[in-house]
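Report on one structure; see the data block that follows.
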Amino acid sequence: MSTFDAEWLALREAYDLPARSDEVEQAFIQALPNDRVQLMDLASGSGATVTALSHKLRQSGRQEQNWTLIDFDAGLLARAVEKHAGKPDLSVSARTVNLATDLSALPYQDIDAVTASAFFDLVSQEFIVELVGHLARHRLPLLASLTYDGRTEWTPHNGSDATILGAFNQHQTGNKGFGAALGPNAPAILAGELEKAGYRVIRQTSDWVIPTGHLPMQTALLEGWLQVAMELEVDPRIRANWDADRRRQMAANGLSMTVGHVDLCAIPED
Ligand SMILES: C[S@@+](CC[C@H](N)C(=O)[O-])C[C@H]1O[C@@H](n2cnc3c(N)ncnc32)[C@H](O)[C@@H]1O
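Residue numbers (numbering that gives the first Met the number 0): 0 to 269.
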C-alpha cells in the first residue's frame with residue numbers, strides 16, 4: 000500500500016465517502032458564496048474531494064463550481080480532471096505544485112475557500128502555521144476531511160494490537176516530505192492553530208468502518224501495518240503471530256476494523 004498510489008486512492012474512496020461528516024461539510028458549504036464558488040483543493044490526488052462535495056454543492060443551490068486542484072503528482076491530477084470533465088456547472092483545472100516548497104505561490108486571492116482530504120497528517124506543524132497564515136490573511140474557510148487521528152480498533156481484539164498500532168502511529172510522525180509529520184496529532188494541532196488565528200472550528204469524527212468480508216481493504220491495511228512494524232523492528236514473533244491470527248480471521252469473515260479520522264471545518268469569525 001503506497002500512500003499516494005492511484006489504486007490505493009480508489010480503494011479507500013469507498014470508505015472515505017460514507018465516513019465524511021455531513022454536518023461538517025454542510026457548515027463549510029454554508030460559509031461559501033451563494034451562487035458561484037471558487038474552490039482550491041490541496042493534495043487532491045485523483046480528485047476525491049470534488050467527488051464528495053460537488054453534488055452537495057449542487058444540492059445546496061450553487062449554480063457554478065470552479066475547482067483548482069493542487070498536487071505534485073501530475074498523473075493523479077490528470078485522472079482527476081478527466082473524471083470530472085463534461086459537467087456543465089463544474090469546471091476543474093489542475094496545477095502541479097510541490098506544497099512542501101511552494102505553499103506561498105498558490106492563488107489564495109482568486110478563491111472563496113480551501114479544501115483538503117487525507118492530507119494534514121502528512122505535514123509538519125510549520126506547514127500548518129504557514130497555511131493558516133495564508134488562510135487568515137485572505138479570510139478563507141477551510142474544509143479538512145479525513146485526517147488520521149491515531150485510533151484503530153480491530154474486532155476481535157488481539158493482545159498485540161497495541162504494539163502494532165504503536166509502531167504505526169510512530170511511523171506516521173516520520174518525514175513525509177514536509178519535515179516531521181504531525182501524524183495522529185494533526186487534528187488537534189490544525190484546530191488549535193486555526194482557533195488561534197480567529198477561526199471558529201467545527202469538528203466531527205469521520206472513522207472508516209471496515210466490516211467483515213471487506214478483504215481487499217483489510218488486506219491492504221494489514222500489509223501496510225505489517226510493513227511498518229517490520230521497518231520499526233517490532234519483534235518478528237509478534238508480527239508473525241499477529242499476521243497469522245488476522246489472516247485466519249479474515250479468511251473466516253471474522254475480522255472488522257475501524258480507523259479513526261477527524262473532519263474539520265474552519266470559518267473566519269466576523
Ligand atoms: C493520501 S493522498 C490523498 C489524496 C486525496 N486528497 C484523497 O482524499 O484521496 C495524499 C496526497 O498528497 C499528495 N502530496 C503528498 N506530498 C505532496 C507535496 N509535497 N506536494 C503536493 N502534493 C503532495 C499526494 O500526491 C497525494 O495525492
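Positions of the beta carbon are idealized from the N, C-alpha and C atoms, including for glycine.
Going straight from the alpha carbon of residue i to that of residue j, what length do you get?
{"i": "Leu134", "j": "Leu31", "result": "14 Å"}
{"i": "Ala79", "j": "Ala115", "result": "14 Å"}
{"i": "Glu12", "j": "Arg136", "result": "32 Å"}
{"i": "Asn252", "j": "Ala5", "result": "27 Å"}
{"i": "Thr162", "j": "Leu8", "result": "27 Å"}
{"i": "Ser43", "j": "Arg236", "result": "39 Å"}
{"i": "Ala219", "j": "Leu10", "result": "9 Å"}
{"i": "Ser205", "j": "Ala104", "result": "31 Å"}
{"i": "Ile266", "j": "Leu193", "result": "9 Å"}
{"i": "Leu89", "j": "Val128", "result": "31 Å"}
{"i": "Pro17", "j": "Asn168", "result": "24 Å"}
{"i": "Leu214", "j": "Asp234", "result": "26 Å"}
{"i": "Arg35", "j": "Glu63", "result": "5 Å"}
{"i": "Asp335", "j": "Asn240", "result": "Outside the shown range of the chain (0 to 269) lies residue 335, about which nothing can therefore be said."}
{"i": "Gly259", "j": "Leu52", "result": "21 Å"}
What is the C-beta distance between residue i and residue j, in whole angstroms, given that I count them as a contact (C-beta under 8 Å)?
{"i": "Cys264", "j": "Leu142", "result": "5 Å"}
{"i": "Gly178", "j": "Glu125", "result": "6 Å"}
{"i": "Val49", "j": "Phe71", "result": "Contact doesn't hold; Cβ gap of about 18 Å is too wide."}
{"i": "Lys82", "j": "Ser123", "result": "Not a contact, Cβ separation roughly 30 Å."}
Below 8 Å between beta carbons: does that hold for residue i and residue j?
{"i": "Asp262", "j": "Arg19", "result": "yes"}
{"i": "Gln171", "j": "Asp120", "result": "yes"}
{"i": "Asp244", "j": "Asn174", "result": "no"}
{"i": "Leu76", "j": "Asp40", "result": "no"}
{"i": "Leu145", "j": "Ala112", "result": "no"}
{"i": "Ile209", "j": "Ala26", "result": "no"}
{"i": "Gln55", "j": "Glu24", "result": "Contrary to the premise, residue 55 reads as Lys rather than Gln in this sequence. Against a cut-off of 8 Å, the Cβ pair of Glu24 and Lys55 comes out as a contact."}
{"i": "Glu152", "j": "Tyr198", "result": "no"}
{"i": "Ala180", "j": "Leu231", "result": "no"}
For residue i, which residues of its own chain have a beta-carbon under 8 Å away from its beta-carbon, when the five flanking residues on both sides are left out?
{"i": "Gln248", "result": "Pro155, Leu254"}
{"i": "Leu221", "result": "Asp242, Arg245, Arg246, Met249"}
Give the DSSP bridge partners of residue i, in chain order.
{"i": "Tyr198", "result": "Pro267"}
{"i": "Asp40", "result": "Leu68, Thr114"}
{"i": "Ser90", "result": "Asn65"}
{"i": "Tyr147", "result": "His260"}
Just to confirm my understanding: we take residue i, look at its own chain, exclude 5 residues before and 5 after, and list those with CB closer than 7 Å. What are they?
{"i": "Arg238", "result": "Leu225, Ala228, Met229"}
{"i": "Leu130", "result": "Leu102"}
{"i": "Gln217", "result": "Ile209, Met249, Leu254, Met256"}
{"i": "Ala188", "result": "This sequence places Ile at residue 188; Ala is not what is there. For Ile188, where only same-chain residues beyond five positions count, the Cβ hits under 7 Å are Gln124, Ile127, Leu181."}
{"i": "Arg94", "result": "Thr67, Ile69"}
Within its chain, find whatever has a CB closer than 6 Å to the CB of residue i; leave out the 5 residues flanking it on each side and keep chain order.
{"i": "His186", "result": "The sequence as given places Pro at residue 186; His does not occur at that position. Correct list, in chain order: Thr146, Asp148, Val261."}
{"i": "Tyr107", "result": "His133, His137"}
{"i": "Ser92", "result": "Thr67"}
{"i": "Tyr14", "result": "Trp207"}
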